[in-house]
Every structure is written in structure tokens, then in C-alpha cells.
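Undergrad: Residue numbers (my numbering), protein chains in the order written: chain E, 78 to 321; chain S, 421 to 793. Ideal Cβ positions, reconstructed from N, Cα and C, are used throughout, including at glycine. No experiment lies behind these values; they were computed from the predicted model shown. Have a look at the structure that comes next, please.
Put into C-alpha cells, the structure is as follows:
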């Protein structure tokens, strides 16, 4: 199975005892695409994503991420991806600079690289005054922006974002999406889960998961036509309600 | 190698940034060392002593005077009846009651034989045993003196055979309990701090969610674990150093053996403890769980270490269990090297077992740490 796609998923399934969290899903994400991975709470999004980032073993089926098999080449997958989780993933008791040094270091960047990247990141985000402040003291929106930038330090081809804008104000959310688009323009693939349906509109293509299955997958425009809806919000509600 | 360096750097930053944790790591153990070393003593002193003198002769008074002269006994009460003595013992006013019978003096001289009754409060069995020995020593000495006096008076023709023993206490000549306890207590403190810190460290990252972020990086398991454990090894050695300085300056504990040997062994020992701590944190989800499990092992390890009660007097099955007790080996090694000046060949059995233990625990810790579930 070799593919030009960034992510290629075939019949991926995860069961926990009698419960099937992810039920035989198949899809692909093209290189440079912004792919929205939607679903209600408990629909199986996070489980699916954990398998794709190589921290959860699939029960059956397979998937290639950056052309590496997630079950057998997890470490190669991890080198090629960036990940930012819904739970805040930087160290609150370290400063912005120290977090950058640490994550850069464990991705194997050398000292000079870390230095350059630290400067570039702080410049980009305009955080000169905050660079030596503890991350725990920053507002949530800033933390998320820093976390996103940190997940890009090792220049990954694919970036997984698990509800990156949860709890963040609308202005920061817009800025955050601008950052996402900048990376997509550089050719990076973005795989993002969200509960905000307006954000779903920003994606090239969107999949909607309901009870462990992918019920719909298309561009936001086509989805609205298919489900005869004005907004992604309505598409989501129709799908989630009909099957609930 | 570089990756490990970055983890170590981050751990040290976090440890030294945590203003609540630093005193816990350094000040608390030292306070414990100072308090426990002074308090944890098995010496039985200031025994509350009472007597009933039914004889009231020079002999009986001389015997009581012998108790009075002893540093172990506080002669408190002269009871008029055994009933009175009994109620005093019930109230806890007196630990040991000596009853001198009527005609004590007469029997001693005429029949060269008499009885004494000694009653000891044995709620604390160990103390009662020691008190019994002290009482016997004083009575024997009194008896020996009596014999000598009798000879001088010429009433006895035969030379009595009195064998006097002069004990020599090696390695702790003055029988100072602190000399015995301080190395052991130091062992406990180093163990507690390193076990609790390592046991809770990884769990803490699980709780915060940063462990997931680490697991998404290509970092190798052994890199992560070495990077996590190394800072605690350094902290443990630092604690040992401060503890030894206090032992030397404050308690004047002799350090006869090689400091190098002590540190060399301690490094391996701390690795065992860190392996146990990490193993615990791999199987727990919260710091609370990790803390309770760490305590469970800690209590068993301490009470079965031979620090407070000799391993030799434990039942057979318990002695076998202590083979798996790392604290036992550390206490033995510290006492041997510090007080006896033992060399490497003397501590080889403990050294070998601890090394094996370190490999086993850290192997288990690395195996049970799952980046991929």
C-alpha cells in the first residue's frame, strides 16, 4: 500500500471490550489539505486520532500516515507529524523559551537550530515580552498559539490538532486559523478536530463521525447541498439527530 | 544522548522552580534526621523503681543503695505493703518493684541463701527484658560483695569463685545508640525522598496531560526513563552528603570506611529505588494512588529492614522476605562501611544483590512503560 496521500485509512477499527469506539472507517487525506474531522462527543474522534498519531494500537484495519504504517512504524510516524492536543500540552512551570528548548531537544534538533527556531517563533507570535514568563501565566489563547508553534518545531509534514481552539475567544480563534492556513500554504497537511461548525467551513474537506462510523465526507459546500442545509451547523445536527 | 540531556535539564528546572517542593526535599529529611536520631533509642533509662523492705537491716539498705547508685534506676518509693506497690504499678507510677523478705540479712549470713521478689511491668516486653537484666546485674554484684565481705570476716573457709567479665564493645565502644541509629535513619530518608519523588513524577505528567505529548514524540523509552531518573539520583546523593555532614558534625558519628565505597554503593541502591518508583507510576493513574502504593512498600521495607528490630530475630518466613528488601542491604552496608570500615570484598554479597535488583527493577520499569497501548 503506497500512496501519494498524506493519510490513508482502511477499515480501521478499535474496540474496548464489547464497545466499538471506531467502527471500520476508511478515508484519505491529500497532501496540503486542511481536513476537518468532526463528530459529537463520544463519537470516536479522539480514539481514531490516537491511532493515527501512533499512541493507540488498532484492533483491526490499517492506516498509513506519511507513508508509514501506524501499527509497525509508529516511531517513523511520530517523526513526521506534529500534534497538539485538546488537553494543554506545554509545561506550565516552564517559560515559553524553556518549553521550546525542551520540545526542540527531544525531537533531536541541535542547539543552533533550537536557537534560530526560538527567535523565529517568538518574532512570529510577537511574544518578546513574554518569552521568559511561565507558560502557566499566559492567557489560554496565547498558550494554544504557542503550543501550535511548538508542534511545528521539527518541521513535520502533517499536523494533528485535537480541538485546538476549545475555550478560546473568537478573535484568537480567527488568528489561530490564519496560522493554520499559513502552514497549509507551505504544503503541510492539517488534520483538525473541532466542535465549532463555523470552523468546519474553513476546511477543504470535512468528515462527520457518528457512533464510531464516518457518516459523511465531502467539501463543506457539497455537504450543505446534499443535506439541503444553509450551514454546516445544520448538516451536523441532521446527521447527528437522524442517527441518534 | 543529547535528547537525554534535554530531559534532565527540564526536570531540574521544574524541581528547582517548585518552591513548595524544595524544602520538602531538603529541609524535612534533615529535621527528621536530627529528631529521630535523638529520639529513636532503645536505651532503657530512668526506670521507675520502688521497693518493699520487710527486713530493714543494713544488708537490705545496702542493696537498695546499690539500685540508687545505678544510673538506670530512679529510686522513687518505699512501699509499706505489696498491695500499695501493686496499685502503684497499675497506675503506671512504678516500673519495677523489689520486695525484700523478712530475715533477708539473717538468711544471707546463716544459710548463705535467700530469695528476692522482683515484679516488672512487662507491657513493653523488650523494655521489661532489659530491666530484668539490670536488676540481676545489681543483685549479682551485691551478692558478690557480700561473699567478699564474708571471706574477710573469716566465716567461710573456702575461696569463692567470682568470675568478673569485662566486656569490650567493638565498633561502638561507648555503646552510643546514635552511632547505631544515624546511619540507618539516613538510609530511610534517602530512600523515602527518592521513592516518593520518582513514584509521583511520571504519574504527574499523566495527570497534567503532558505525557501524551511526550508519547507522540519519537523519543525512545530508555531515553525518557534515564532522563527522568538521573535528576533524582543526583538529589539522593546530595541528600546523603548533607546527611553525612550532619552525622559527622552534630552527632560525631565516626566514618571509618571509604567514602567512595559508600557513594558507589548508594548510586546502585538509589537506582533500585528509582526503578521501583517508576514501576509504581507506570501502573497508577493519579499521584494519590502512587503515594499510597509507595507508602505500602515503604512501611514494609522500613519495619523489616533490621533497623529497628534485628532481622535474625524475625520468624523464618519473614527472614526470607527480607532478602527482597533493598533497605536491609543499605542499612547493613552503611553500618559496615561507616562504623567498621568494611571494604569492597566485605560488602560484596550486598553489592551483588543490589546490583541484580537494580537491573531487575529498571528492566521492569522500562518494559512496563508503554508509549503505545
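Can you tell me the Cα-Cα spacing of residue 206 of chain E and residue 174 of chain E, whole angstroms?
TA: In a straight line, the C-alpha of residue 206 of chain E is about 11 angstroms away from that of residue 174 of chain E.
Undergrad: Using only CA atoms, which one of S:633, S:603, S:786 and S:498 lies nearest to residue 476 of chain S?
TA: Comparing Cα-Cα distances from residue 476 of chain S to each of S:633, S:603, S:786 and S:498, the minimum goes to S:498.
Undergrad: Which partner residues of residue 540 of chain S appear in the DSSP bridge assignment?
TA: S:516.
Undergrad: Counting only Cβ pairs nearer than 7 angstroms, list the residues of chain S close to residue 151 of chain E.
TA: Ordered by position in chain S, the residues that pass the 7 angstroms Cβ test against residue 151 of chain E are 792.
Undergrad: Between which two residues does the beta strand (DSSP E) harbouring residue 85 of chain E extend?
TA: It spans 84 to 93 - the beta strand (DSSP E) in which residue 85 of chain E sits, taken as one unbroken run.
Undergrad: Going along chain E in order, which residues have a C-beta closer than 9 angstroms to the C-beta of residue 661 of chain S?
TA: Per Cβ cutoff of 9 angstroms: no residues; residue 661 of chain S is ~26 angstroms from chain E at best.
Undergrad: Considering only the alpha carbon of each residue, which of E:269, E:237, E:257 and E:243 lies closest to residue 409 of chain S?
TA: Here chain S covers residues 421 to 793 and nothing more, so residue 409 of chain S does not appear.
Undergrad: Whole angstroms is fine: what's the gap from residue 619 of chain S's alpha carbon to residue 641 of chain S's?
TA: Whole-angstrom Cα-Cα distance: 17 angstroms.
Undergrad: For the candidate residues E:167, E:166, E:164 and E:144, whose alpha-carbon lies nearest to that of residue 156 of chain E?
TA: The candidate whose alpha carbon is nearest that of residue 156 of chain E is E:144.
Undergrad: Looking at the unbroken alpha helix (DSSP H) that takes in residue 66 of chain E, where does it start and where does it end?
TA: It is not possible to answer for residue 66 of chain E, since the shown part of chain E is limited to 78 through 321.
Undergrad: Give the range of the alpha helix (DSSP H) segment to which residue 689 of chain S is assigned.
TA: Looking at the DSSP string, the run of the alpha helix (DSSP H) that includes residue 689 of chain S is 679 to 702.
Undergrad: Give the DSSP-derived three-state secondary structure of residue 189 of chain E in the structure shown.
TA: DSSP places residue 189 of chain E in helix when its eight states are reduced to three.
Undergrad: Relative to the C-alpha of residue 757 of chain S, which residue among S:770, S:746 and S:745 is closest?
TA: Considering only alpha carbons, the answer is S:770.
Undergrad: For the structure I just gave you, are there three or more beta carbon pairs, one from the region 722 to 734 of chain S and one from the region 676 to 694 of chain S, closer than 8 angstroms?
TA: Not touching, per the Cβ criterion.
Undergrad: Residue 768 of chain S: buried (16+ other C-beta within 10 angstroms of its C-beta) or exposed?
TA: Answer is exposed; the Cβ neighbour count stays below 16.
Undergrad: May I ask which residues mark the beginning and end of the beta strand (DSSP E) holding residue 161 of chain E?
TA: Where residue 161 of chain E is concerned, the enclosing beta strand (DSSP E) stretches over 158 to 161.
Undergrad: If distances are taken between C-alpha atoms only, which option among S:539, S:560 and S:464 comes closest to residue 533 of chain S?
TA: Nearest of S:539, S:560 and S:464 to residue 533 of chain S, Cα basis: S:560.
Undergrad: Using Cβ-Cβ distances below 7 angstroms, what residues of the region 608 to 640 of chain S are close to chain E?
TA: Answer set for the region 608 to 640 of chain S: 629, 630, 632, 633, 635, 636, 637, 638 and 639.
Undergrad: Are residue 138 of chain E and residue 90 of chain E close, meaning C-beta to C-beta below 9 angstroms?
TA: Yes; because the gap between Cβ atoms is below 9 angstroms, this pair is in contact.
Undergrad: Can you tell me whether residue 141 of chain E is helix, strand or coil according to DSSP?
TA: Strand at residue 141 of chain E.
Undergrad: If the cut is a Cβ gap below 9 angstroms, which residues of chain E does residue 739 of chain S touch?
TA: Correct list: empty, because the minimum Cβ distance to chain E is about 44 angstroms.
Undergrad: How many whole angstroms separate the CB atoms of residue 520 of chain S and residue 480 of chain S, which I take to be in contact at a CB cut-off of 8 angstroms?
TA: That belief holds up - the Cβ atoms of residue 520 of chain S and residue 480 of chain S are roughly 5 angstroms apart, short of 8 angstroms.
Undergrad: Can you name the residues of chain C whose CB is closer than 9 angstroms to the CB of residue 171 of chain E?
TA: The displayed structure is made up of protein chains E and S, and chain C is not among them.
Undergrad: Are the region 175 to 185 of chain E and the region 222 to 239 of chain E in contact at 8 angstroms, needing three or more beta carbon pairs?
TA: They touch, by the three-pair rule.
Undergrad: If you follow the beta strand (DSSP E) that residue 98 of chain E is part of, which residue opens it and which one closes it?
TA: Residue 98 of chain E -> beta strand (DSSP E) spans 96 to 106.
Undergrad: Compute the beta-carbon to beta-carbon distance between residue 701 of chain S and residue 782 of chain S, rounded to the nearest angstrom, for a pair I have assumed lies under 8 angstroms.
TA: Rounded, the Cβ-Cβ distance is 13 angstroms, inconsistent with contact.
Undergrad: What residues match up with residue 293 of chain E in a beta bridge as DSSP calls it?
TA: According to DSSP, residue 293 of chain E bridges with E:285.
Undergrad: With respect to the beta strand (DSSP E) encompassing residue 774 of chain S, which residues constitute its N-terminal and C-terminal limits?
TA: Counting along the chain, residue 774 of chain S falls outside any beta strand (DSSP E), though it belongs to the alpha helix (DSSP H) covering 768 to 788.
Undergrad: Using Cβ-Cβ distances below 8 angstroms, what residues of the region 126 to 147 of chain E are close to chain S?
TA: Residues 130, 131, 132, 133 and 134.
Undergrad: Can you name the residues that DSSP bridges to residue 470 of chain S?
TA: According to DSSP, residue 470 of chain S bridges with S:497 and S:517.
Undergrad: Assign residue 168 of chain E to buried or exposed, taking buried as 16 or more other Cβ atoms, counted over all protein chains shown, within 10 Å of its Cβ.
TA: Buried.
Undergrad: Give every residue of the same chain whose Cβ lies closer than 8 angstroms to the Cβ of residue 273 of chain E, excluding the five residues on either side of it in the sequence, and list them in chain order.
TA: These residues qualify, in order along the chain: 242 and 250.
Undergrad: For residue 78 of chain E, does the count of other Cβ atoms within 10 angstroms reach 16, so buried, or fall short, so exposed?
TA: The pLDDT assigned to residue 78 of chain E is 46, lower than 50, so where the model puts this residue is not dependable; a value taken from the coordinates is nonetheless given after this. By the neighbour-count rule (16 or more Cβ atoms within 10 Å), residue 78 of chain E is not buried but exposed.
Undergrad: To the nearest angstrom, how far is it from the Cα of residue 262 of chain E to the Cα of residue 301 of chain E?
TA: Near 25 angstroms, if we compare the C-alpha coordinates of residue 301 of chain E and residue 262 of chain E.
Undergrad: Using 8 angstroms as the Cβ pair cut-off and three pairs as the minimum, do the region 281 to 301 of chain E and the region 109 to 122 of chain E touch?
TA: Yes: at least three Cβ pairs fall under 8 angstroms.
Undergrad: In the DSSP output, which residue or residues are listed as bridge partners for residue 235 of chain E?
TA: In DSSP, residue 235 of chain E forms a bridge with E:158 and E:266.
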